[in-house]
Amino acid sequence: MEEVAILNNGLAIIVAIVSLVIGGLFGALISRKSSASKLANAERDAAQIVENARKEAETLRKEVEVQAKDAAFQAKSEFEEESRETRRELHAQERRLVQKEENLDRKATHLDEKTEELGRRDQSLADRDRHLQAKGEEVDRLVAEQRAKLEQLAGINSEEAKRELMNSMESEARHDAAKRIKQIEDEARETADKKAKKVLSLAIQRYAGDYVAEKTINSVALPNDEMKGRIIGREGRNIRAIEAATGIDLIIDDTPEAVIISGFNPVRREVARLALERLITDGRIHPSRIEEVVKKAEQDVDNTVREAGEQATFDVGVHGIHPEIVKLVGRLKYRTSYGQNVLQHSLEVSFLCGIMAAELGINVKQAKRAGLLHDIGKAVDHEVEGSHALIGADLARKHGESPEIVHAIAAHHEEEKPETILAVLVQAADALSGARPGARREMLETYVKRLNDLERIGCSVSGVTSCYAIQAGREIRVMVSSDEVSDDQSYVVARDIARKIENDMTYPGQIKVNVIRETRAVDYAK
15 MEEVAILNNG LAIIVAIVSL VIGGLFGALI SRKSSASKLA NAERDAAQIV
65 ENARKEAETL RKEVEVQAKD AAFQAKSEFE EESRETRREL HAQERRLVQK
115 EENLDRKATH LDEKTEELGR RDQSLADRDR HLQAKGEEVD RLVAEQRAKL
165 EQLAGINSEE AKRELMNSME SEARHDAAKR IKQIEDEARE TADKKAKKVL
215 SLAIQRYAGD YVAEKTINSV ALPNDEMKGR IIGREGRNIR AIEAATGIDL
265 IIDDTPEAVI ISGFNPVRRE VARLALERLI TDGRIHPSRI EEVVKKAEQD
315 VDNTVREAGE QATFDVGVHG IHPEIVKLVG RLKYRTSYGQ NVLQHSLEVS
365 FLCGIMAAEL GINVKQAKRA GLLHDIGKAV DHEVEGSHAL IGADLARKHG
415 ESPEIVHAIA AHHEEEKPET ILAVLVQAAD ALSGARPGAR REMLETYVKR
465 LNDLERIGCS VSGVTSCYAI QAGREIRVMV SSDEVSDDQS YVVARDIARK
515 IENDMTYPGQ IKVNVIRETR AVDYAK
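Residue numbers (our numbering): 15 to 540.
Listed below in structure tokens is the structure:
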């Protein structure tokens with residue numbers, strides 16, 4: 015209805031405006047044409063226009079009213095449809111809310127029932143705990159009573175029983191440990207010994223060295239005993255000149271047709287031997303000639319030493335060694351150890367290292383180099399204090415050898431703990447070269463002392479009744495008490511003795527520790 019009123023007002027305004035316009039036009043026409051006929055025509059025309067305008071306005075108003083009614087009806091229909099949709103949604107939400115309230119009521123009821131059930135369970139558990147506590151107190155009381163009765167019957171208290179049990183368990187654990195150690199050692203020995211023996215036997219077969227110990231030359235043969243007087247000279251001036259020039263001592267005694275050369279330095283001893291032989295051959299023996307011959311002999315020995323070192327490096331196939339190290343290797347030609355020539359021994363060790371390195375798949379050149387240089391400390395050990403292994407390591411380090419070579423030299427006699435495969439190879443090859451029959455000889459005193467030390471170490475272990483060093487010190491046979499040492503513990507005893515020998519003694523090769531346990535039953539027929 016408001017829209018109809020608005021339309022009516024609009025039509026009235028339009029009519030008024032049209033009337034004003036028409037009035038203005040008529041006013042203009044009247045002002046211009048003052049004739050009455052024209053004015054009358056104008057008024058009729060104006061009236062006609064006004065009437066037409068009124069009719070058009072009325073028609074327009076009716077159309078507007080119809081459109082307004084249609085719009086109002088459509089709006090009313092849409093409003094009613096929206097209202098019906100809204101009511102349906104409200105009814106659906108109301109139903110869902112009712113269902114949720116019912117579900118919440120059911121859950122609340124179920125929760126109340128669970129709470130009551132948990133309360134009953136808590137009460138039951140509390141009752142059970144009180145019952146168990148009472149039972150535990152009763153059990154503790156019964157255990158205490160039984161323990162008191164057992165202590166009274168056994169005559170020992172619980173602490174003593176505990177100690178006996180612990181001792182029994184400890185003994186059983188030691189027994190099990192000994193069995194486990196035996197098993198592990200057997201498994202390791204089964205594989206390691208087989209592989210080691212294969213490598214060592216192959217190395218021995220592929221290298222055929224001399225088996226005869228070389229004896230150091232310590233005397234010079236004379237053509238006759240008259241030569242002794244010429245060597246001594248007037249008032250001993252010749253012998254003093256020789257000793258002063260060479261630094262060694264000449265011993266001229268009742269030995270027929272021989273002069274003994276005594277000196278700690280093997281190179282000086284060789285110079286003296288060579289010079290003395292040349293003087294004897296030449297026949298001219300006097301101080302000035304002696305000095306000349308000694309200088310020539312020193313040059314010849316230096317050349318021999320250098321050539322021997324170069325030949326050794328060429329034989330084993332190693333290159334790039336410092337000239338001073340090569341010279342030290344050559345000096346080993348005049349050095350012996352237990353009657354074994356050290357240069358020949360170094361060559362043996364070098365070849366053995368190379369063979370074993372090839373079998374194990376490591377650097378053969380490096381192994382040969384370490385084997386050749388492992389005893390270079392013996393070339394100067396008469397001049398420098400200390401172990402020849404550490405001296406040799408210092409020399410090698412000083413002249414640019416690699417840390418692996420230096421470590422292998424220092425560790426081949428356990429002055430340092432071997433930490434590389436190369437060090438272990440050098441150690442094994444050194445022992446193999448020195449331990450084979452005929453390679454070395456020992457002084458009687460050293461030999462006897464080593465046997466006594468072996469027996470002393472064997473007897474120092476608990477449970478040992480007696481021990482004997484046999485096989486020239488290559489084996490120690492240990493007898494143990496069957497009451498104190500079991501069969502499995504005998505392996506532990508053997509291992510302990512072997513470790514003590516390794517830590518306390520220095521020896522070539524290896525020493526077998528053989529532990530024997532036996533039980534003897536003795537009775538007499540009367």
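Glycine included, C-beta positions come from ideal geometry on N, C-alpha and C.
Pick from Glu-498, Arg-488, Glu-151, Ile-511 that is closest to Ile-525, judged by C-alpha positions:
Arg-488
Buried or exposed: where does Val-363 fall if 16 or more other Cβ atoms within 10 Å of its Cβ makes it buried?
buried
Between which two residues does the beta strand (DSSP E) harbouring Val-378 extend?
Segment 378-387 is the alpha helix (DSSP H) holding Val-378; no beta strand (DSSP E) there.
Nearest neighbour of Arg-349, chosen from Gly-277, Gly-400, Arg-464, Met-519 [CA to CA]
Gly-277
Between the C-alpha atoms of Asp-502 and Lys-196, what's the straight-line distance to the nearest angstrom?
7 angstroms
For the region 381-392 and the region 423-431, state whether three or more C-beta atom pairs, one from each stretch, are separated by less than 8 angstroms.
yes
Out of Lys-176, Gly-375, Lys-341, Gln-380, point me to the one whose CA is closest to Leu-409's CA.
Lys-341
Considering Cα atoms alone, identify which of Arg-254, Thr-295, Arg-298, Arg-345 is closest to Pro-280.
Arg-345
In angstroms with no decimal places, state the Cα-to-Cα distance between Met-493 and Tyr-482.
9 angstroms
Taking contact to mean 3 or more Cβ pairs, one atom from each stretch, closer than 8 angstroms, check whether the region 467-480 and the region 147-165 are in contact.
no
Establish whether the CB of His-336 and some CB of chain D are separated by less than 8 angstroms.
Of the protein chains in this structure there is only one, and it is not chain D.
Give the straight-line distance between the Cα atoms of Gly-414 and Gly-406, rounded to the nearest whole angstrom.
13 angstroms
From the DSSP output, in three-state form, read off Val-494 for me.
strand
If you measure between the beta carbons of Ile-262 and Ile-274, is that distance less than 8 angstroms?
no
Could you compute how far the alpha carbon of Thr-123 sits from the alpha carbon of Leu-111?
18 angstroms
For Cys-481: DSSP bridge partner residues
Val-492
May I have the straight-line CA-CA distance separating Gly-477 from Ser-401, to the nearest angstrom?
36 angstroms
When we look at the beta-carbon of Lys-578 and count the other beta-carbons within 10 Å, is it buried (16 or more) or exposed?
A query on residue 578 cannot be resolved here, the shown segment of the chain reaching from 15 to 540 and no further.
Within its chain, find whatever has a CB closer than 7 angstroms to the CB of Thr-230; leave out the 5 residues flanking it on each side and keep chain order.
Its pLDDT being 40, under 50, Thr-230 is placed unreliably in this model, and the value from its coordinates should be taken loosely. Taken in chain order, the residues that qualify are Thr-350.
Give the straight-line distance between the Cα atoms of Arg-120 and Glu-108, rounded to the nearest whole angstrom.
19 angstroms
In its own chain, which residues sit with a C-beta less than 7 angstroms from the C-beta of Ile-63, not counting the 5 before and 5 after it?
Ile-36
Cβ-Cβ separation, Ala-326 to Leu-374 (assumed contact under 8 angstroms), whole Å
Contact doesn't hold; Cβ gap of about 24 angstroms is too wide.
Cβ pair Leu-465, Glu-429 closer than 8 angstroms:
no
Pick out whichever of Gly-448, Leu-290, Gly-334, Thr-434 has its Cα sitting closest to the Cα of Asn-355.
Gly-448
Contact defined as beta carbons within less than 8 angstroms: I believe Val-6 pairs with Leu-361. What is the distance between those atoms, to the nearest angstrom?
The shown model of the chain, from 15 to 540, leaves out residue 6, and the question about it has no answer.
Between which two residues does the alpha helix (DSSP H) holding Asn-279 run?
It is not in any alpha helix (DSSP H) - Asn-279 carries neither H nor E in the DSSP assignment.
Proximal residues to Ala-289 (C-beta, below 6 angstroms), its chain only, five neighbours per side dropped
Val-307, Val-308, Ala-311
Alpha-carbon spacing of Ser-97 relative to Ala-56, whole angstroms
59 angstroms
Closest by CA to Ala-258, which one among Glu-240, Lys-382, Glu-305, Arg-75?
Glu-305
Are the CB atoms of Lys-347 and Ala-322 within a distance shorter than 8 angstroms?
yes
Chain-order list of residues whose beta-carbon lies under 8 angstroms from that of Ile-253 (same chain, five-residue window excluded):
Ile-245, Ile-246, Gly-247, Leu-264, Ile-266
Complete runs of the beta strand (DSSP E) confined to the region 409-455 [at least 3 residues]
none
Grab the span of the beta strand (DSSP E) containing Ile-265 for me, first residue to last.
263-265
Rounded to a whole number of angstroms, what is the C-alpha to C-alpha distance between Ala-286 and Asp-518?
39 angstroms
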